[in-house]
Amino acid sequence: MPTVSSGKILVTGINGFTAMWVARYLLEHGYSVRGTVRSAAKAVHPRGYFKSYGAQIEVIVVEDITKACAFDEAVKDVDGIFHAAASFHLHAEEPSELITPAVEGTVGILHSALKHGNKVKRVIQMSSIAAIEDLEAKSPTIFSEKDWNYRSVEACKKLGRDASPLDMYEASKTLSEAAAWDFMKDNKSTVKFDLVALNPGFLMGTGLQEVDDPMKLNTSLQLFYLGVPMGQFEGEMLTKPSVSWIDMRDFCDAVVASYRVEKAGGERFIVAAEPFCWQDWINVVRNFDSTVPAGNTKWKREDSVYNVNFDTAKVRQILGITYRGWEDSARVVMEYYREKGWWGKKQ
1 MPTVSSGKIL VTGINGFTAM WVARYLLEHG YSVRGTVRSA AKAVHPRGYF
51 KSYGAQIEVI VVEDITKACA FDEAVKDVDG IFHAAASFHL HAEEPSELIT
101 PAVEGTVGIL HSALKHGNKV KRVIQMSSIA AIEDLEAKSP TIFSEKDWNY
151 RSVEACKKLG RDASPLDMYE ASKTLSEAAA WDFMKDNKST VKFDLVALNP
201 GFLMGTGLQE VDDPMKLNTS LQLFYLGVPM GQFEGEMLTK PSVSWIDMRD
251 FCDAVVASYR VEKAGGERFI VAAEPFCWQD WINVVRNFDS TVPAGNTKWK
301 REDSVYNVNF DTAKVRQILG ITYRGWEDSA RVVMEYYREK GWWGKKQ
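So the sequence shown is numbered by the UniProt record's numbering: it starts at 1 and just counts up by one.
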């Protein structure tokens with residue numbers, strides 16, 4: 001399949017944390033962007049933020065991504081699609097609250113691309129390491145792109161609304177990505193575009209989205225805010241090894257490379273740096289800001305066992321992605337909190 005080195009990219013959910021960053025990187029690399037939002041009110045901020053790009057950016061309303069044909073008009077005359085319109089939060093009451101829109105939105109946009117995407121060459125599905133990992137691994141395990149997290153899916157089937165919020169989220173990512181690959185397989189005789197799945201870790205970066213309250217931040221920035229500068233985590237919440245993280249800028253590099261590298265077509269890529277616990281981030285931040293609460297001063301990373309690890313050779317070998325360091329990422333996040341007036345003084 002030809003690469004997409006220029007042209008127009010459809011970015012769904014452009015008002016969100018990740019999609020705004022992706023749109024920014026695409027625009028900076030010379031692409032035009034058509035973004036979707038779910039209401040006219042949600043179009044105001046991205047239109048204002050990207051105003052300097054003029055005709056290179058447009059923002060349209062797709063009210064309900066679960067409706068059949070919702071993206072039929074949006075996919076016309078675009079060269080590529082980046083699908084990010086899905087929820088990441090940990091307060092769903094039912095698995096279907098996350099799973100249904102994730103799966104139906106994914107399948108819906110692929111159907112629209114098949115029927116009306118006259119120029120579409122490549123679709124990038126924003127998946128997650130949540131679709132790969134098993135957070136209940138009992139010993140150090142290295143997960144690769146060959147792995148799927150069906151444990152969370154089974155937990156949701158068995159427990160329903162009593163499943164953990166994290167399993168609900170992870171099941172939604174697993175099932176929506178699986179649905180995308182099933183669609184490509186079922187329609188291989190007629191589809192004229194290929195698919196790439198990007199599976200990022202816990203995304204770290206400055207917030208570009210419209211937000212005036214740290215408690216309304218996207219999940220990753222909100223948790224970092226509560227756990228690091230605010231010092232609200234304690235005990236196991238501080239030191240229990242968690243998932244792997246990735247700097248948002250590195251993830252966006254992977255997005256651009258996924259459009260421009262021919263071999264990326266038909267592949268899924270883990271985009272993750274290293275596993276972490278919140279004490280890791282506290283220690284990193286205290287290297288340049290000693291006013292942050294110290295947390296557990298007895299904890300040492302070298303004494304901890306991280307059971308969930310990832311093989312990231314593929315993204316390095318095919319897409320050529322390298323990762324920024326812990327302190328680089330932590331500094332930009334902390335400065336973002338300062339600029340918003342949520343922590344310390346502006347530098």
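Backbone N, C-alpha and C define an ideal beta-carbon position, used for all residues, glycine too.
Residues sharing a beta bridge with residue i, DSSP
{"i": "residue 204", "result": "247"}
{"i": "residue 51", "result": "Paired residues: none, contrary to the question."}
{"i": "residue 58", "result": "34"}
{"i": "residue 197", "result": "125, 268"}
{"i": "residue 83", "result": "125"}
{"i": "residue 275", "result": "244"}
DSSP state of residue i mapped onto helix, strand, coil
{"i": "residue 287", "result": "coil"}
{"i": "residue 184", "result": "helix"}
{"i": "residue 108", "result": "helix"}
{"i": "residue 8", "result": "strand"}
{"i": "residue 78", "result": "coil"}
{"i": "residue 324", "result": "coil"}
{"i": "residue 29", "result": "coil"}
{"i": "residue 192", "result": "coil"}
{"i": "residue 252", "result": "helix"}
{"i": "residue 332", "result": "helix"}
{"i": "residue 18", "result": "helix"}
{"i": "residue 68", "result": "coil"}
{"i": "residue 347", "result": "Residue confidence for residue 347 is low, a pLDDT of 46 falling below 50, so the modelled location carries little weight and cannot support an answer."}
{"i": "residue 42", "result": "helix"}
{"i": "residue 339", "result": "helix"}
{"i": "residue 239", "result": "helix"}
{"i": "residue 262", "result": "helix"}
Given residue i as reference, the closest of the options once Cα atoms are compared
{"i": "residue 245", "options": "278, 265, 235", "result": "278"}
{"i": "residue 200", "options": "165, 254, 92", "result": "254"}
{"i": "residue 91", "options": "85, 166, 65", "result": "166"}
{"i": "residue 270", "options": "145, 96, 213, 302", "result": "145"}
{"i": "residue 250", "options": "320, 159, 230", "result": "320"}
{"i": "residue 100", "options": "302, 83, 171", "result": "171"}
{"i": "residue 160", "options": "98, 107, 187, 124", "result": "98"}
{"i": "residue 164", "options": "176, 151, 175", "result": "151"}
{"i": "residue 224", "options": "342, 73, 19", "result": "342"}
{"i": "residue 207", "options": "336, 136, 103", "result": "336"}
{"i": "residue 112", "options": "262, 191, 216", "result": "191"}
{"i": "residue 118", "options": "236, 74, 318, 303", "result": "74"}
{"i": "residue 313", "options": "59, 273, 300", "result": "273"}
{"i": "residue 158", "options": "19, 95, 291", "result": "95"}
{"i": "residue 189", "options": "143, 302, 114, 125", "result": "114"}
{"i": "residue 286", "options": "19, 195, 12, 229", "result": "229"}
{"i": "residue 282", "options": "315, 333, 264", "result": "333"}
{"i": "residue 231", "options": "260, 261, 209, 290", "result": "290"}
{"i": "residue 340", "options": "122, 181, 123, 212", "result": "212"}
{"i": "residue 243", "options": "193, 7, 301, 276", "result": "276"}
{"i": "residue 137", "options": "308, 68, 186", "result": "308"}
{"i": "residue 293", "options": "5, 11, 180, 344", "result": "344"}
{"i": "residue 266", "options": "79, 44, 193, 323", "result": "193"}
{"i": "residue 300", "options": "311, 288, 284", "result": "284"}
Contacting residues, own chain, Cβ-Cβ under 6 angstroms from residue i (five flanking each side not counted)
{"i": "residue 76", "result": "116"}
{"i": "residue 248", "result": "21, 203, 205"}
{"i": "residue 63", "result": "38"}
{"i": "residue 110", "result": "183"}
{"i": "residue 57", "result": "33, 50"}
{"i": "residue 197", "result": "125, 127, 177, 268"}
{"i": "residue 31", "result": "9"}
{"i": "residue 323", "result": "250, 273"}
Cβ shell of residue i (< 8 angstroms), same chain only, five flanking positions each side left out
{"i": "residue 40", "result": "61"}
{"i": "residue 325", "result": "none"}
{"i": "residue 256", "result": "25, 26, 29"}
{"i": "residue 154", "result": "none"}
{"i": "residue 329", "result": "204, 205, 245, 247"}
{"i": "residue 209", "result": "15, 16, 17, 20, 45, 218"}
Own chain residues within Cβ distance below 7 angstroms of residue i, not counting five before or after
{"i": "residue 296", "result": "238, 239, 279"}
{"i": "residue 149", "result": "130, 131, 132, 133, 134, 170, 174"}
{"i": "residue 54", "result": "none"}
{"i": "residue 105", "result": "65, 66, 85, 86"}
{"i": "residue 234", "result": "none"}
{"i": "residue 14", "result": "20, 23, 35, 36, 37, 46, 59"}
{"i": "residue 141", "result": "307, 308, 309"}
Proximity test, residue i beta-carbon vs the ligand ADP heavy atom, cut-off 7 angstroms
{"i": "residue 324", "result": "Absence of the ligand ADP is noted for the structure shown, with no ligands found whatsoever."}
* Asked: Counting only runs that start and end within the region 90 to 177, where is the beta strand (DSSP E) found for 3 or more residues in a row?
  -> 122 to 126, 141 to 143
* **Uninterrupted beta strand (DSSP E) stretches inside the region 292 to 322 (no shorter than 3 residues)** => Complete beta strand (DSSP E) runs here, min 3: 308 to 310.
* To do: List in chain order: all unbroken beta strand (DSSP E) runs of 3+ residues lying wholly within the region 203 to 235.
  => none
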